[in-house]
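Novice:
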Amino acid sequence: MQPVPARILGLLLVSDKTELSFEEIQNSLKISKSSTSASLNLLISLNRIEYITYSGVRKRYFRLKIFNWKEDMKKKMEEISEISTLFKEVIKQRSKSTKEFNQSLYEIVDFFDFFNDEVPAIFKKWEQKHKKNKEVK
Numbered sequence: 055m056q057p058v059p060a061r062i063l064g065l066l067l068v069s070d071k072t073e074l075s076f077e078e079i080q081n082s083l084k085i086s087k088s089s090t091s092a093s094l095n096l097l098i099s100l101n102r103i104e105y106i107t108y109s110g111v112r113k114r115y116f117r118l119k120i121f122n123w124k125e126d127m128k129k130k131m132e133e134i135s136e137i138s139t140l141f142k143e144v145i146k147q148r149s150k151s152t153k154e155f156n157q158s159l160y161e162i163v164d165f166f167d168f169f170n171d172e173v174p175a176i177f178k179k180w181e182q183k184h185k186k187n188k189e190v191k
């Protein structure tokens with residue numbers, strides 16, 4: 055990731071305020087308007103941040119998209135599954151003469167499939183642990 059978007063993510067992560075305006079971000083990081091705008095648009099397109107508005111206020115307030123992290127993880131898992139499927143098709147089309155390269159693709163596919171098989175159990179285990187921790191607190 056480029057430095058300015060990374061700095062914006064860092065600022066939103068450590069700021070005492072959970073939402074910051076364009077100007078607050080720009081002034082805190084001492085970056086230009088164009089760099090701020092381009093970086094915010096990039097982070098929005100990458101689904102890392104979102105903005106909200108308040109009735110009667112023209113400013114947009116930017117915040118991290120951490121509230122739907124479970125759904126985001128599920129989408130990432132779907133993406134990994136799609137990549138695995140694509141790589142399986144690629145392997146079918148590849149020449150047998152590139153054994154080492156093909157073997158690396160097989161390993162990637164094998165790992166992705168293993169990962170996708172294991173994550174639901176990890177989620178379930180985490181939810182049980184998280185539920186117990188909530189009850190204790």
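Quick note: to get this note's numbering, add 54 to the position in the sequence shown (first position is 1). For each residue, glycine too, the CB sits at the ideal point set by N, CA and C. A quick note: this is a predicted structure, and the numbers were derived from the prediction, not measured.
Examine the Cβ distances between the region 107 to 117 and the region 135 to 150 and report whether three or more of them are shorter than 8 Å.
Specialist: no
Novice: Can you tell me whether Q157 is buried or exposed, with buried defined as 16 or more other CB within 10 angstroms of its CB?
Specialist: exposed
Novice: Under DSSP, the alpha helix (DSSP H) around R61 begins and ends at which residues?
Specialist: 57 to 68
Novice: So what's S75 in DSSP terms, helix, strand or just coil?
Specialist: Residue state, collapsed to three classes: strand.
Novice: Evaluate contact between the region 146 to 155 and the region 88 to 101, counting only Cβ atoms and requiring at least three cross-stretch pairs below 8 Å.
Specialist: no
Novice: Consult DSSP for L118 and reduce its assignment to one of helix, strand or coil.
Specialist: strand
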